[in-house]
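Everything on this sheet refers to the single structure shown next.
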Amino acid sequence: MGDDVSIRAASEEEVRTLVEHTDERHYFLEHLGRNRGVLLFAFLGEFLVGHIFLRLEPPEEPELRDGLPGVPLLQHLRVMDNHRRSGIGRQLLSEAEHRLSALGHRRVALGVHPDNDPAIQLYRGLQFSAWRDEHLATFREHVLDDGSTVRIHEPCLVLVKHLDPPSA
Numbered sequence: 427m428g429d430d431v432s433i434r435a436a437s438e439e440e441v442r443t444l445v446e447h448t449d450e451r452h453y454f455l456e457h458l459g460r461n462r463g464v465l466l467f468a469f470l471g472e473f474l475v476g477h478i479f480l481r482l483e484p485p486e487e488p489e490l491r492d493g494l495p496g497v498p499l500l501q502h503l504r505v506m507d508n509h510r511r512s513g514i515g516r517q518l519l520s521e522a523e524h525r526l527s528a529l530g531h532r533r534v535a536l537g538v539h540p541d542n543d544p545a546i547q548l549y550r551g552l553q554f555s556a557w558r559d560e561h562l563a564t565f566r567e568h569v570l571d572d573g574s575t576v577r578i579h580e581p582c583l584v585l586v587k588h589l590d591p592p593s594a
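Okay, structure coming up:
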């Protein structure tokens, strides 16, 4: 099934029409509107089956800004429920790494909840390793019914990976 997947950069209009999760739609529109990175969509035919955000701007967390200067972050990797464990997550990660390497980046980082064992196993299998032993105190924004947002604090395990230079 993963062979029929196409991956491409998403537009703000596509985010408005295709991203159903309110928190993610808010995040993507805000970050795309401020040119903070690139959102990749994975399609199976005409159906959105996954996404990942390549954050190129410095992160909000001072520890990440200071500890990993200039290192882009992979955020909001999601594969839709009925398409998980089909290789789409790996394809999105591979495409993200390829694009970052082509931009001259030699490392990439991502954060994952310390209790998300399946994701941690996936990342470790793709040569990501812990940036530090301690979890990072981070947050995510939740959109309320009235459109306002609140920050929800949660721990994060930060993983890093060295990227190969692009092949000639």
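Numbering of the sequence shown is given in our numbering, commencing with residue 427 and proceeding in unit increments. Even glycine gets a Cβ: it sits at the ideal position worked out from N, Cα and C. Small disclaimer: the values here were computed from a predicted structure and weren't measured.
- [ ] Please go through the same chain and pick out, in chain order, the residues whose beta-carbon is closer than 8 Å to the beta-carbon of residue 493, but skip the five residues on each side of it.
- [x] Only 557 and 558 meet the Cβ criterion.
- [ ] Taking residue 444 as part of the beta strand (DSSP E), name the residues at either end of that continuous run.
- [x] No beta strand (DSSP E) contains residue 444, which is instead part of the alpha helix (DSSP H) from 438 to 444.
Task: C-alpha gap between residue 477 and residue 570, whole angstroms - done: 23 Å
Task: Start-to-end residues for the alpha helix (DSSP H) that takes in residue 452 - done: 448 to 459
TODO: In the DSSP assignment, find the unbroken beta strand (DSSP E) run with residue 567 in it and report its ends.
DONE: 562 to 569
- [ ] Could you tell me whether the segment 475 to 489 touches the segment 500 to 507, where touching means 3 or more Cβ pairs closer than 8 Å?
- [x] yes
Open item on the list: Can you tell me whether residue 564 is buried or exposed? The criterion is at least 16 other CB atoms within 10 Å of its CB, across all chains shown.
Closed with: buried
Open item on the list: My output table needs one value for residue 432: the three-state DSSP class, helix, strand or coil.
Closed with: strand
TODO: Quick one: grab the DSSP three-state call for residue 517.
DONE: helix
TODO: Excluding the 5 residues preceding and the 5 following residue 576 in the sequence, name in chain order all residues of the same chain whose CB lies nearer than 8 Å to its CB.
DONE: The answer, listed in chain order, is 567, 568 and 570.
Task: residue 488 beta carbon less than 9 Å from that of residue 526 - done: Against a cut-off of 9 Å, the Cβ pair of residue 488 and residue 526 comes out as no contact.
- [ ] Check each candidate in 543, 542 and 509 and name the one with the smallest Cα separation from residue 468.
- [x] 509
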